[in-house]
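A.B. asks: This structure is in structure tokens; I'll ask about it shortly.
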Amino acid sequence: MLRYQTFTTLILLSYLIWAQLFLVAVCQSPCQGITRLELDDDNPAISINSPSYPVNYKHLVNCQWIIHQSNRTNRIKLEFDMIHIAHSNISSKNHSIGFMNNRCKRQYIQVVDIFAVPHLIGKFCGNQVPSPIISAGSVLRVQFVSRNSQSKFKATASSTEEYCGTHKKMATTSVELLSSPKYSNPYPSNARCYWKLQAAPNHVILLDFMDIHLQDSTNCEKDGITIYNGGGLSAPLLGVICGVNTDNVKPSMVSTSNQMFIAFKSDDTEPTYNGFSAYYVARKVEYCDNVTTIISEDTVLSTPGYPDGYSGKSNCYNQWLVQAPKIDDTIKISMADIVLPPNIPCVNCYMRIFDGPDSNSKILATICSATLADEYTSSTNELYIEFYTAFPWTGNSGIAANISIIEIPEVQHPNGNHSNHHPDDHIPNGSGYNPAGAIAVFVSIVLMTVIVYVTNKYKIRCSRNRRRRGSDHFALVNEMDT
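Right, here's the structure in full:
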């Protein structure tokens, strides 16, 4: 008990000391809170730099600039003249959106694009000057965090018409082209390109890639195309593509609604790849007889007319809902036979499997080729399946799959009760009262109350100091959190 109290006391006192140091550092920061800059015809370019540049400063800093472009048809171009920020000796890693460097944990310059939802473009440190950054929207947020007075930087923000940016396109029943910037020449570094495709109601959007020539990396962390099943970055993911496509089968994506969002990014390395090209088209949704077949036992599922082809309606969906009898059961679908008309794009004939009760659930697979055959298991007791074809076809063809219900066995407990949970999950009642634990909780509550009181006292003192200097550093912290 004494060891537990000592450990708890040390943890809480460490937090108290950290909170005091943080508040004092923020109060003494030479940065004057958030600096808001406006780019317009009178100010087409603005310089930003570390405090007191090029000389050293005295304190820990956490500075932030919000750069706004008044002409919404233009974008913001951020060019670094110099950067000198010490970094940790940790290997770097790229993330799905923007370029993140894991060496830049304690000291860095961070650039965030405020478009739709804020997302990170890059976090930079060291001595290497990053490639120019071009925003997707009309607002950029730049943050400089430093723990020593030697770290510094200088950059210029300017208005530019040379941007990839965001494009809203109407998908119709006519085929339209979409490609990376400067295709088929190398695309620029630090590119952030977005396309929002929207079709008429009761339509879905089909996206077929014709050429893919991008830098390859694990999980497409460097350069890549991300496709979302909806109208923005928060929509469910349809797929991520990178590398060089040398196969005859090109990637194809189909939305489940009348919206699709496409994001293309490149990192700050000098690219030598030619980019990508794709076409998109809208197609009206028709559900054959508007009937969903319910399946609740092991069976063989097949497309209409299997194995003699498909003689139903054109542009037509068939759908099945598999429901396991028990809530804890799951469902496995194993592809037994896939023979489809040759030489047609995947968007014209496919089966799609969803992990849930409808087409708004997570997509497990889109199957349009024997090379894509596999087994798929749901995470719940429901599995939704759609089959689409743009036209009838004949011959020895179709899709067949085995449906299996995976039951979770019941466990017989000593008291005679049944349960689907593992015996180790059962928690005995015990005596119901632990005096040592109660004392430890009481001590923790008292110490936490002291911490809150002292922290609030420092906040009040810091607030008074800020009013005297005319700065608002806590506004910076609060806006960073949002």
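With positions in the sequence shown counted from 1, the corresponding number in our numbering is that position plus 266.
Cβ atoms here follow ideal geometry from the backbone N, Cα and C, with glycine treated the same way.
#1: Identify whether residue 456 lies in helix, strand or coil by the three-state DSSP scheme.
#2: Which term fits residue 453, buried or exposed, when burial requires 16 or more other beta carbons within 10 angstroms of its beta carbon?
#3: Hey, residue 582 and residue 606 are a contact pair by Cβ (cut 8 Å); roughly how many whole angstroms apart?
#4: Residue 667: buried (16+ other C-beta within 10 angstroms of its C-beta) or exposed?
#5: Can you give me the Cβ contacts of residue 433 inside the same chain, cut-off strictly under 6 Å, excluding the 5 residues immediately before and after it?
#6: Taking DSSP as the reference, what is the three-state secondary structure of residue 614?
#7: Could you check whether residue 621 and residue 645 sit closer than 8 Å to each other, using their CB atoms as the reference points?
#8: Would you kindly check if the distance between the Cβ of residue 321 and the Cβ of residue 373 is under 8 Å?
#9: Hey, how far is the Cα of residue 541 from the Cα of residue 488?
#10: Determine the DSSP secondary structure at residue 765, reduced to helix, strand or coil.
#11: Would you kindly report the start and end of the unbroken beta strand (DSSP E) that includes residue 425?
#12: Helix, strand or coil for residue 367? Go by DSSP, reduced to three states.
#13: Taking Cβ positions, are residue 630 and residue 546 nearer each other than 8 Å?
#14: Return the chain-ordered list of same chain residues with a C-beta closer than 7 Å to the C-beta of residue 659, the five sequence neighbours on each side being excluded.
#15: Where residue 571 and residue 539 are concerned, what is the direct C-alpha to C-alpha distance, given to the nearest angstrom?
#16: Looking only at DSSP bridge pairs, what is residue 385 linked to?
#17: So, for residue 565: in the same chain, excluding its five sequence neighbours on each side, which residues have a beta-carbon less than 6 Å away from its beta-carbon?
#18: As a quick exercise: from 393, 375, 395, 392, pick the residue whose alpha carbon is nearest that of residue 386.
#19: Here's the rule: buried if 16 or more other CB atoms are within 10 angstroms of the residue's CB, otherwise exposed. What is residue 510?
#20: If you drop the 5 nearest sequence neighbours on each side, which residues of the same chain put their C-beta closer than 6 Å to that of residue 492?
#21: Which same chain residues, not among the five before or five after residue 310, have their C-beta less than 7 Å away from its C-beta?
C.D. replies: Checking against the coordinates, here is how it stands:
#1: coil
#2: buried
#3: 15 Å between Cβ atoms; not a contact.
#4: buried
#5: 461
#6: helix
#7: yes
#8: no
#9: 13 Å
#10: As shown, the chain starts at 267 and ends at 748. That puts residue 765 outside it, with no answer to give.
#11: 418-426
#12: In this prediction, residue 367 has a pLDDT of 49, which is less than 50 and means its spatial position is unreliable; nothing more can be read from the coordinates.
#13: no
#14: 575, 576, 607
#15: 45 Å
#16: 379
#17: 669
#18: 375
#19: exposed
#20: 506, 529
#21: 424, 425
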